[in-house]
Ligand code: AMP
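Rendered as structure tokens:
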């Protein structure tokens with residue numbers, strides 16, 4: 001199934017219905033969205049782009065982003081969305097790795113990319129200047145097969161070079177249907193708001209909203225501004241959005257000031273750990289609007305979900321424990337916890353989270369990073385090894401601990417930074433925190449914490465130490481605290497623990 005066929009069906013059902021909006025201004029109806037995508041496909045084919053060829057997009061969120069995506073799929077090509085926040089050099093590397101023939105860009109990105117080696121040979125097409133629709137019959141969408149790759153999803157790469165995850169039409173179809181089964185209902189009255197990069201998780205939610213003929217809204221800022229999101233939600237109504245945990249925090253602060261989040265239907269959060277203290281506060285301020293998902297590029301958006309009711313129902317006896325989990329397996333996957341030797345871990349034991357099912361990627365793109373070798377490492381014995389450490393409880397709820405490489409081993413005992421971070425964050429003066437291991441001649445590693453305080457609050461190491469002593473085993477307490485103005489993050493807002501380790505090395509050198 002080609003996603004362009006979903007677009008055609010929605011256009012056929014209601015050609016005049018609003019499809020693409022910039023803020024609250026409609027810039028294309030479904031009829032015009034589908035026609036422009038089909039026309040763009042013809043232009044791409046005219047330039048020699050054949051089914052299976054790669055076409056990149058390096059642009060900030062804009063309504064034309066979706067026309068480009070659907071034009072690419074209509075032609076049977078593979079879309080390579082690149083995070084607009086990447087350095088042009090990094091984007092050029094991805095273009096070269098994917099062997100993209102064409103890259104859709106904004107004017108500004110075009111200037112930056114043109115001077116980078118790696119992108120030469122790739123035609124830069126301006127999104128601000130897409131061809132107008134002309135008269136004449138247009139071809140039908142390419143008859144894409146389930147196993148055809150349609151999206152090359154470059155991982156966010158908190159370490160090393162990003163890898164191109166090959167996502168097939170079947171992967172994305174299953175992800176889309178899982179949304180209906182496990183996350184939320186969607187109707188043509190709804191709107192999806194793209195406040196996080198469309199190249200990543202937020203963009204993956206376009207499919208279900210195209211399938212249902214809903215509105216696609218890009219905020220005029222092209223990014224995430226909490227006040228803008230709440231204003232738009234109030235004006236448009238029935239707005240859903242994907243938000244990383246840092247965005248949820250800012251949304252909650254803004255909603256508290258306004259006294260609510262009128263018009264906001266669902267905030268799907270995920271992509272990184274949501275700390276218990278933060279989600280409890282979010283539920284207090286926002287009410288039953290939050291759903292959590294856990295996924296990764298290699299198994300997009302649909303490994304587990306914690307439903308709206310589970311997030312919001314404070315009367316449930318184990319509400320807090322559930323909130324600290326990422327929920328239960330979504331419908332399309334089998335979930336397991338394995339020990340390093342591949343044997344299953346019993347209930348409650350921490351091991352590596354593994355996933356099986358038709359949602360798992362076809363593999364990594366061969367490119368320059370030796371895709372076959374990386375694929376063989378990631379998919380073993382029929383399971384995708386996610387690199388995340390976690391434990392399942394007797395009811396099937398998964399609690400994530402840390403990425404396997406972030407686990408601290410001190411005196412032979414595993415310490416999961418997240419557990420220590422959760423405790424430190426309950427201090428009212430602590431805004432953000434990240435816990436890492438520091439090499440120690442005696443213990444192998446000891447625990448240290450980087451702490452960002454809330455403006456105007458003075459937090460002492462003694463207070464934090466007392467908090468840890470009251471809540472977790474002594475050996476898990478940080479041996480040192482570093483108070484910093486902010487934490488290093490990648491372009492998706494994920495904390496770069498590697499950069500913190502480097503900083504530590506510099507300070508102790
Ligand atoms: P990416 O492939 O860039 O989307 O990153 C996926 C990784 O983000 C996962 O392997 C997890 O480590 C992390 N992640 C995603 N969703 C969640 C979640 N709900 N809670 C905690 N971590 C998450």
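Numbering (the UniProt record's numbering), first residue to last: 1 to 509.
Idealized CB from N, CA, C, for every residue including glycine.
This one's a predicted model, so the numbers in the text were calculated from it and none came from an experiment.
Just the C-alpha distance for residue i and residue j, rounded to the nearest angstrom, thanks.
i	j	result
residue 491	residue 90	12 angstroms
residue 10	residue 29	10 angstroms
residue 500	residue 153	26 angstroms
residue 84	residue 59	5 angstroms
residue 459	residue 249	21 angstroms
residue 158	residue 496	Here the model assigns residue 158 a pLDDT of 49, short of 50, so the residue's position is not dependable and the matter cannot be decided.
residue 129	residue 329	43 angstroms
residue 93	residue 287	43 angstroms
residue 423	residue 1	47 angstroms
residue 126	residue 204	22 angstroms
residue 231	residue 283	20 angstroms
residue 475	residue 364	39 angstroms
residue 50	residue 433	48 angstroms
residue 210	residue 319	34 angstroms
residue 505	residue 369	28 angstroms
residue 426	residue 301	28 angstroms
residue 108	residue 382	44 angstroms
residue 461	residue 507	18 angstroms
residue 25	residue 344	53 angstroms
residue 48	residue 124	14 angstroms
residue 180	residue 196	21 angstroms
residue 380	residue 12	44 angstroms
residue 75	residue 193	26 angstroms
Is residue i near the ligand AMP, going by C-beta to nearest heavy atom under 7 angstroms?
i	result
residue 549	With the chain covering 1 to 509 only, the question about residue 549 has no answer from this structure.
residue 395	no
residue 155	yes
residue 388	yes
residue 161	no
residue 271	yes
residue 400	yes
residue 294	yes
residue 351	no
residue 274	yes
residue 297	yes
residue 498	no
residue 308	no
residue 280	no
residue 525	The question about residue 525 has no answer, for the chain in this structure spans 1 to 509.
residue 326	yes
residue 403	yes
residue 201	yes
For a quick check, are the C-beta atoms of residue i and residue j less than 8 angstroms apart?
i	j	result
residue 303	residue 335	yes
residue 133	residue 36	yes
residue 350	residue 420	no
residue 585	residue 226	In the structure as shown, the chain starts at 1 and stops at 509, and residue 585 therefore has no counterpart that could be examined.
residue 213	residue 242	no
residue 145	residue 361	no
residue 217	residue 191	yes
residue 353	residue 323	no
residue 347	residue 388	no
residue 224	residue 176	no
residue 141	residue 4	yes
residue 149	residue 57	no
residue 477	residue 465	yes
residue 483	residue 448	no
residue 444	residue 411	yes
residue 172	residue 147	no
residue 95	residue 68	no
residue 276	residue 291	no
residue 435	residue 417	yes
State yes or no: is the beta carbon of residue i nearer than 8 angstroms to at least one beta carbon in chain C?
i	result
residue 8	The chain labelled as chain C is not found in the depicted structure, where only one protein chain is given.
Uninterrupted alpha helix (DSSP H) stretches inside the segment 197–282 (no shorter than 4 residues) = With a minimum length of 4 residues, the continuous alpha helix (DSSP H) runs that stay inside the segment 197–282 are 201–204, 206–211, 226–236, 245–258.
Enumerate, from N- to C-terminal direction, the unbroken beta strand (DSSP E) stretches of 3 or more residues contained entirely within the UniProt domain "AMP-binding enzyme C-terminal" (419–494).
-> Within the UniProt domain "AMP-binding enzyme C-terminal" (419–494), the complete beta strand (DSSP E) segments of 3 residues or longer fall at 430–440, 444–453, 480–483, listed in chain order.
Fully enclosed by the segment 296–331, which beta strand (DSSP E) runs are 3 residues long or longer?
-> List check, beta strand (DSSP E) in window: 299–306.
Which ranges would you report for the beta strand (DSSP E) in the segment 322–397 if only whole runs of at least 3 residues count?
-> Those beta strand (DSSP E) runs which fall completely within the segment 322–397 and span 3+ residues are 334–338, 351–356, 383–392.
3 or more residues per run - each beta strand (DSSP E) lying fully within the segment 23–90 = For the segment 23–90, whole beta strand (DSSP E) runs of length 3 or above, ordered along the chain, are 25–29, 54–58, 78–82.
At 3 residues or longer, and completely inside the segment 107–168: list those beta strand (DSSP E) runs for me, N to C.
-> 123–126, 149–154, 164–168, all fully within the segment 107–168.
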